[in-house]
Amino acid sequence: MLQSKTFVKKTKRGKILKVVREHYLREDIYSGTPLDPECDASAYKLSPDAARYLVLDTNVALHQMDFLEHPSVTDVVVPAIVLEEVRARNQAAFQRLKALTTSETKRFYVFANENHKYACRDGGDTYIKQDPGETPNDRNDRAIRRTAEWYAQRLPGTAIVLLTDDAANRAKALAAGVEALSCVQYARLRQDEVPELADLVRAGLMAAGEDDSDMRGGRADASASKRSRIYEEHRPLSEVTAGIKAGRYLQGTLRTSRFHAWEGWISCEAVEQDVLLPGRAALNRAMDGDVVVVELLPESEWRAPDARIEAAEDEEEEGEVEEGGAHIAAPVDDEPGNNSASITSSTTTTPSPSNAQPTGKVVGILKRNWRTRGYCGSLRVPKGKEGVPASALYPASNGSQSVLVCPVERRYPFVRIQTRQAATLADKRIVVAVDGWPADSLYPSGHYVRTLGAIGDRDTETEVLLLENDINTSAFTPAVHACVPPLPWRVEEEHVAEPGRADLRHLPVCSVDPPGCKDIDDALHVRALPNGNLELGVHIADVTNFVLPESAMDEEAARRATTVYLVQRRIDMLPKPLTEDICSLRGGVDRLAFSVIWEVDGATAEIKNTSFTKSVIRSRAALTYAEAQSRIDDPTLRDELTLGLRELNRVAKLLRAARSARGALALASPEVRFEIDTETQDPLDVGMYQVREANQMVEEMMLLANCSVADATLRAFPACALLRRHEPPAPRAPAAAAGVAVDCATSLNLARSLDAAVRADDPYFNTLLRIVATRCMTQAQYFSSGELAPPEYYHYGLAAPIYTHFTSPIRRYADVVVHRVLMAALGLRPLPDSMRDRPRVAGVVDNLNLRHRNAQLAGRASVELHTLIFFRGRTVLADARVTRVRANGLMVFVPKYGIEGPVRFDPEEEGDGAPAFTYDEEKQRVCSADGGVAYTVFDPCAVQISVQETTGNRRALLLKLVDRALLPDAERVKK
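Position 850, counted from 1, in the sequence shown is what numbering that gives the first Met the number 0 calls 849; the numbers after and before it change by one each time, with no gaps.
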C-alpha cells in the first residue's frame with residue numbers, strides 16, 4: 000500500500016520546491032516472537048519464555064544505554080521510529096543501540112512500525128499520521144505508544160511494558176491500558192533478582208513527579224534542600240555567544256593537568272599564550288576536553304603555573320560533601336597543588352614575572368566532552384579508614400549508598416554515585432559515567448556502568464589502560480572476516496600475470512624485525528648492477544590487494560586506524576589471518592608486495608633513478624635485529640644474504656650521514672625492554688632497549704621509501720596526497736639552564752647544537768640532552784596536501800620537505816591510503832572517490848591522528864604497568880639524572896630502567912631543622928638556605944625505587960633521594 004505526502008520547501012537560494020514523499024505500508028512485517036502464530040519463523044528474535052517484552056522509548060535509548068546494555072535487559076522491541084530518532088540525534092548512542100539489535104543474546108527486535116499495515120483490533124495500523132497542531136515529537140511518542148498497544152493486543156497473555164522516562168508518555172500509555180514503567184521503576188521491579196540494575200540508571204533524568212527515594216537511599220530530597228551553591232552558575236548561552244563575538248570572552252578546549260583535575264589551560268587565537276585556569280572556582284565544573292567559554296581576569300591577577308610537584312595523595316580532597324550534603328569543608332577557591340602546608344611554608348620561589356600567564360575563569364560550557372564509554376576508577380576509602388573491612392565501611396542497607404569514585408586518571412575529579420553494591424565493589428576497578436554537575440555539588444554525579452575486575456590484577460589493569468585510551472578491543476565482525484581469503488592462501492599464476500606486477504622472486508630479499516614479530520610488512524634487498532651502481536629495494540606487504548575500498552574490512556580498519564602494541568599483547572587493525580599469514584612477508588614463501596626500487600651510486604648512495612611496482616617476492620629469511628647484526632659482524636660468513644646485509648648497512652650509513660648533513664635530528668628515546676616469565680607472565684627484568692646498527696639500517700631504508708613515495712604521490716595528486724608533517728619545537732629552558740646554547744630555528748641548527756653539547760667529564764650528558772630534546776618535540780601529524788601550503792609540509796625532525804607513511808600497511812591505515820594513491824599515480828587502479836571528498840578526508844585524517852596518539856599513550860601505559868609489577872615488593876637503588884627542577888622536588892630519569900618520575904623533598908623526614916629551599920625556575924636550580932643541598936638540571940643523583948599505593952588504589956613508583964655514595968661504582972651512569 001502506497002501513501003503520498005506533498006509539501007513545499009524553500010531552498011537556501013530562495014527557490015520554492017514541491018516535494019512528494021511516498022510511504023509504503025506492508026503486510027509482511029512480523030512481531031518477531033514465536034508466541035505470535037502468524038509470525039514467520041525467519042523473523043523470530045524474541046524469546047517465548049521471556050517474563051515480559053519491553054517496548055523502547057526514544058529518551059531511554061538516548062540516555063540509558065548503560066542500563067540497556069546490562070545482560071539482564073533482554074527481549075526488547077525497538078520501534079523503527081526510535082532507531083531513526085536516535086540516529087538523527089546521537090551517533091554514538093545509535094551505534095550502541097544498533098549493536099544491541101544485532102546481538103543474539105540480547106534479543107532486541109527492530110519492529111518496522113512506520114511501515115506496518117497489519118491492523119489493530121480498533122482498526123488502525125501502527126503507522127500513524129501527524130494530527131493537525133501536533134508536534135513531530137508528540138506524534139512520534141504516540142507512534143511508540145501505538146506499537147506497545149498493538150503488541151499488547153496481538154499477544155494477549157504476554158506482559159508488554161512500555162519503557163520510558165517521560166512521565167507524560169507513561170500517563171498516556173496507562174490511560175490506553177498499556178503498562179508503562181520508567182527505568183527506575185523497572186529496576187525496582189527486579190531489584191531482588193538483579194540488584195545492580197538500579198546502579199545503571201542514569202542520575203538526574205527523572206521527570207517531574209518521579210519518586211526514586213527508596214532506590215537511592217531516601218536522601219535525595221533532604222540533601223537537595225540543605226545544599227547551597229558552591230560554584231558560580233554558568234551564564235546563559237545567548238550571553239556567552241554574544242560575549243565571544245564581542246571579544247569579551249574566549250572560547251577553547253580545556254586541557255587539565257595530568258597530575259590533578261584543578262588546573263587547566265585553553266588555547267585560542269585571541270591570546271598568544273595559553274590561558275591558565277587555576278583552582279576549582281576558575282574551572283567552574285569544567286572537565287578535560289570540554290569546550291569552554293572563559294572570561295580573562297585583570298592582568299594584576301595573572302600568575303605562573305604552579306611550580307611544585309603534586310603529591311601522589313589527593314590530600315586536598317579530604318573536605319568533601321557529607322552524606323546529607325549539608326556541610327562542605329573544602330574551599331571553593333583552593334589553589335592547585337597546595338596539598339601540603341609544610342611544603343608551602345618551607346619553600347620559597349625566586350620571583351619570575353616573565354613567567355606570568357594570562358589567567359581566566361570558566362563562565363560557560365558550550366560542549367561537554369564526557370566520555371560515553373565512562374571513566375575507570377575505584378571507590379575512594381574515606382581518609383583514616385584505610386584497612387577497614389568493606390563490610391564495615393559499607394554496611395548492608397535496603398537502599399543505595401552515596402560513594403565517591405576516584406578515577407585512575409588524576410586529570411578527572413572524583414565522581415559521586417549511588418550504589419547498592421558498595422561492599423562488593425570496594426576492591427574492584429569499575430567504570431562509571433558522568434551524568435551531571437550541578438552548581439551545589441562539589442563533585443560531578445554519575446552512575447555505575449560495570450565492573451572490570453580486581454584491583455592490581457594485570458589483566459584488569461590492562462583493560463583499564465585500553466579503556467582510558469579508547470582502544471577498540473572488540474572482535475572483528477563476520478562481515479569483516481568474510482573479506483579475508485580462506486586459508487591456506489598462496490600466490491597463484493594469475494597474481495604473477497597481473498598487469499603492473501613484477502616477478503621479483505629471484506632477488507635476495509630478507510626481512511629484519513624484532514624477535515617474535517609475526518606481522519612482517521617490510522623486506523629489503525641489494526644487488527650490484529652491470530654499470531657499477533647498486534640496486535636497492537624495499538618491498539612492502541601488498542595489503543590493498545585484499546583490503547578493498549568501501550568494504551567492511553576497509554571501514555573497520557579506517558575506524559581502528561592503527562595496530563596497538565602493548566608489552567604482552569597486540570590489538571590488530573586487521574584480522575590475524577591477513578596480518579600473520581596472507582600479507583606477512585615470511586621467509587621461504589611467495590607473497591605479494593608493493594616495491595620501491597632505486598638505482599644508487601655505490602660510493603655515495605646518490606639516487607640515480609626511482610621506480611615503483613607491484614611485485615611477487617620470496618623472502619630468503621625472516622631475521623631478528625640480533626640475528627642480522629650477528630651476520631653483519633661475523634667476518635667468517637660470506638653467503639649472499641650476509642654480504643647483502645653488510646652492503647645494505649654500508650649504504651644506510653651513507654644515507655644517514657647525508658640526512659644528518661641536511662639537518663635530520665639524531666635524538667634519543669629511552670625504549671624499555673622487559674624479560675617476561677613464560678609461566679606467570681610477570682616481568683623478570685626491565686632495562687633499556689638496545690639499538691643496533693641493524694635497527695638503524697632498516698630505519699634508513701624505510702625513511703628513504705617513505706620520502707620517495709611522498710614525492711611521487713604529491714606530484715600526481717597535489718590536492719589530495721596524504722602526508723605527514725612535523726612542526727618545530729618551542730624553545731625550552733632546561734638546556735640554557737645547563738649552560739648549553741640550543742638553537743631551534745632550523746633542524747640543522749638544533750642538530751649542530753646537540754652535537755656540540757658535550758662534557759668531557761660526563762660522557763652520558765649528550766645522550767641525556769637528546770632524550771630531553773626528544774620530549775620537547777611536538778607531535779608529528781598526518782594531513783591532506785590540499786589543506787596546507789607547501790612550506791607547511793616540512794618535517795622538522797627528518798629535515799625532509801615532504802614525508803609520508805608507506806612502509807607499514809599491515810598496522811597503519813595511513814599507509815593503506817597512501818598505497819591507494821600511489822596505485823592511482825601509477826595507473827594501476829583509479830583513485831577512490833572518497834579521496835576527492837574533502838570533508839570525508841578531513842575526518843579520516845583527524846581519526847588517524849587521534850588513534851595514533853591513543854595507541855602511543857596505551858603503549859606507554861602498558862610499559863608503566865609492567866614497570867610497577869616488576870618493582871612491586873622490591874626496593875632498589877639506582878643512579879639517576881635530574882631532567883627538571885621544581886620548587887619542592889625534582890624530575891629525574893633513571894637510565895638503567897628507562898623510567899622518569901618525580902622526587903619530592905619531604906620536610907617531615909628532615910626534622911624540625913629542615914632547611915628552606917629556594918627555587919629559581921629560570922636557572923632550573925633549587926638549593927637549601929644554608930647552601931648544603933643544591934640541584935641543577937642534568938645533575939647526577941641517586942634514588943631509591945619502590946611502589947606506593949595512593950588515593951583510590953592508584954599505584955605509582957615512589958622515588959626518594961639517597962646518598963649517591965651508596966651506589967656501587969658499576970651502577971653509576973658512565974655512558
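C-beta: ideal position from N, C-alpha, C; glycine also.
Quantities reported herein were computed from a predicted structural model and do not represent experimental measurements.
**Q.** Reduced DSSP secondary structure (H/G/I, E/B, other) of His794
**A.** The residue you call residue 794 lines up with position 795 of the sequence shown. Strand.
Q | Where Leu640 sits in the DSSP three-state scheme | A | For this step, residue 640 is matched to residue 641 along the sequence shown. The answer is helix: DSSP assigns Leu640 an H, G or I state.
Q: Can you check the stretch 505-559 for any beta strand (DSSP E) of at least 3 residues that lies completely inside it and give the ranges in chain order?
A: 510-512, 521-527, 533-540
Q | Proximity to Glu268 [Cα-Cα], best of Asp512, Ser256, Gln250, Val160 | A | Position 269 of the sequence shown, counted from the start, is the residue given in the question as residue 268. Glu268 has its Cα closest to that of Gln250, out of Asp512, Ser256, Gln250, Val160.
Q.
With three or more C-beta pairs closer than 8 Å as the rule, is the stretch 819-834 touching the stretch 864-881?
A. no
(Q) For Tyr52 and Asp74, which I take to be in contact (beta-carbon distance under 8 Å), what is that distance rounded to the nearest angstrom? (A) Position 53 of the sequence shown, counted from the first residue, corresponds to residue 52. Position 75 of the sequence shown, counted from the first residue, corresponds to residue 74. Indeed, because the Cβ distance is near 5 Å, the residues count as touching under 8 Å.
(Q) Check for me: the alpha helix (DSSP H) holding Lys105 runs from which residue to which? (A) Locating residue 105 in the sequence shown gives position 106, where the first residue counts as 1. Careful: Lys105 lies outside any alpha helix (DSSP H) and carries neither H nor E.
Q) Nearest to Leu622 by alpha carbon, out of Thr935, His259, Val511, Leu753? A) Working through the sequence shown from its first residue, we reach residue 622 at position 623. When only C-alpha atoms are compared, the closest one is Val511.
Q | Candidates Leu523, Asn544, Lys517, of which the one nearest Pro484 by Cα | A | Residue 484 sits at position 485 when you count from the first residue of the sequence shown. Pro484 has its Cα closest to that of Asn544, out of Leu523, Asn544, Lys517.
Q. Which residue's Cα is closest to the Cα of Leu96: Ala111, Leu199, Cys38, His62?
A. Locating residue 96 in the sequence shown gives position 97, counting from the first residue. Considering only alpha carbons, the answer is His62.
Q: Count the CB pairs spanning the stretch 404-413 and the stretch 367-380 that are closer than 8 Å, and state whether there are at least three.
A: yes
Q) Do Asn648 and Glu692 have their CB atoms nearer than 8 Å? A) As a position in the sequence shown, residue 648 is number 649, starting the count at 1. As a position in the sequence shown, residue 692 is number 693, starting the count at 1. In contact: Asn648 and Glu692 (Cβ atoms closer than 8 Å).
(Q) Can you give me the C-alpha to C-alpha distance between Asn848 and Gln780, rounded to a whole angstrom? (A) The sequence position of residue 848 within the sequence shown is 849, counting from 1. The sequence position of residue 780 within the sequence shown is 781, counting from 1. So the alpha carbons of these two residues sit roughly 6 Å apart.
Q. Do Leu980 and Val615 have their CB atoms nearer than 8 Å?
A. In this structure the chain extends from 0 to 974, so residue 980 is not present and cannot be described.
Q | Cβ-Cβ separation, Val430 to Gly373 (assumed contact under 8 Å), whole Å | A | Translated into positions along the sequence shown, residue 373 becomes position 374. Translated into positions along the sequence shown, residue 430 becomes position 431. That pair is a contact at about 4 Å.
Q | Where the beta strand (DSSP E) through Ala241 begins and ends | A | Within the sequence shown, residue 241 is the residue found at index 242, counting from 1. Run containing Ala241: none in the beta strand (DSSP E); it sits in the alpha helix (DSSP H), 236-245.
Q: Might you give, ordered along the chain, the residues of its own chain that have their beta carbon closer than 6 Å to the beta carbon of Asp289, omitting 5 neighbours on each side?
A: Locating residue 289 in the sequence shown gives position 290, where the first residue counts as 1. Taken in chain order, the residues that qualify are Leu253, Ile364, Arg367, Asn368.
Q.
Checking the sheet assignment: what are the DSSP bridge partners for Asp589?
A. Stepping through the sequence shown from its first residue, residue 589 is reached at position 590. The partner list for Asp589 (beta bridge, DSSP) reads Arg617.
Q: Measuring alpha carbon to alpha carbon, tell me which of Arg590, Val961, Thr255, Ile470 ends up nearest Asn853.
A: Walking along the sequence shown from the start, residue 853 turns up at place 854. With distances taken between Cα atoms, Asn853 lies closest to Ile470.
Q) Between Glu192 and the rest of its own chain, which residues show a CB-CB distance below 6 Å, the 5 nearest in sequence each way excluded? A) One-based indexing of the sequence shown puts residue 192 at position 193. For Glu192, where only same-chain residues beyond five positions count, there are no Cβ hits under 6 Å.
Q: Please report the residue range of the alpha helix (DSSP H) in which Trp149 lies.
A: Counting from one through the sequence shown, the residue named residue 149 turns up at place 150. From DSSP, the alpha helix (DSSP H) with Trp149 extends over 135-153.
Q. Any idea which residues DSSP pairs Trp261 with across the strands?
A. Here residue 261 is taken as the residue at index 262 of the sequence shown, counted from 1. Answer is none; Trp261 lacks a bridge partner.
Q. What does a CB cutoff of less than 6 Å around Gly336 pick up in its chain, not counting 5 residues either side in sequence?
A. Along the sequence shown, one-based indexing puts residue 336 at 337. Because the pLDDT of Gly336 is 33, which lies under 50, any placement of that residue in the model is unreliable, and the number read from its coordinates should be weighed accordingly. Same-chain partners within the cutoff: Asp305, Arg307, Glu309.
Q.
Taking the beta carbon of His794 as the centre, do at least 16 other beta carbons fall within 10 Å, making it buried, or is it exposed?
A. Along the sequence shown, read from residue 1 onward, the residue named residue 794 stands at position 795. So His794 ends up on the buried side.
Q.
For His69 and Leu196, which I take to be in contact (beta-carbon distance under 8 Å), what is that distance rounded to the nearest angstrom?
A. Here residue 69 refers to the residue found at position 70 when the sequence shown is read from its first residue. Here residue 196 refers to the residue found at position 197 when the sequence shown is read from its first residue. That pair is a contact at about 6 Å.
**Q.** Per-residue burial, Tyr447 [other beta carbons within 10 Å of its own, 16 or more giving buried]
**A.** On the sequence shown, residue 447 is found 448 positions in, with the first residue counted as 1. Burial call: buried.
**Q.** Beta-carbon proximity list for Ser237, same chain, < 8 Å, skipping 5 on both sides
**A.** For the purposes of this step, residue 237 is taken as residue 238 along the sequence shown, with counting starting at 1. Counting only Cβ-Cβ distances below 8 Å, and skipping sequence neighbours, we find nothing.
(Q) If contact is defined by three or more beta carbon pairs under 8 Å, each pair taking one atom from either stretch, is the stretch 81-92 in contact with the stretch 169-184? (A) no
Q) Between which two residues does the alpha helix (DSSP H) harbouring Ser399 extend? A) Along the sequence shown, read from residue 1 onward, the residue named residue 399 stands at position 400. Taken as a continuous stretch (DSSP letters only), Ser399 belongs to no alpha helix (DSSP H), as it is neither H nor E.
Q: Return the bridge partner residues of Met890 from the DSSP annotation.
A: Taking the first residue of the sequence shown as 1, we reach residue 890 at position 891. Its beta-bridge partners are Arg883, Pro901.
Q | Val433 versus Leu702 - alpha carbon distance | A | Position 434 of the sequence shown holds residue 433. Position 703 of the sequence shown holds residue 702. Computed Cα separation, rounded: 44 Å.
**Q.** Selected residue, minimal CA-CA separation from Val54, among Arg415, Tyr108, Glu460, Glu37
**A.** Position 55 of the sequence shown, counted from the start, is the residue given in the question as residue 54. Taking only the C-alpha atoms, the option nearest Val54 is Tyr108.
(Q) If you measure between the beta carbons of Arg410 and Asp287, is that distance less than 8 Å? (A) Taking the sequence shown and counting its residues from 1, the one referred to as residue 410 is at position 411. Taking the sequence shown and counting its residues from 1, the one referred to as residue 287 is at position 288. Cβ distance < 8 Å, so Arg410 and Asp287 count as in contact.
Q. By the 10 Å Cβ neighbour count, where 16 or more other Cβ atoms means buried, how is Gln778 classified, buried or exposed?
A. Walking along the sequence shown from the start, residue 778 turns up at place 779. The residue is exposed, with fewer than 16 neighbouring Cβ atoms inside 10 Å.
**Q.** Simplified DSSP assignment, three categories, for Gln855
**A.** In the sequence shown, residue 855 corresponds to position 856, counting from 1. In this structure, Gln855 counts as helix in the three-state DSSP scheme.
Q | Residue interval of the alpha helix (DSSP H) (run including Leu713) | A | On the sequence shown, position 714 is the one that residue 713 refers to. 692-715 is the extent of the alpha helix (DSSP H) around Leu713.
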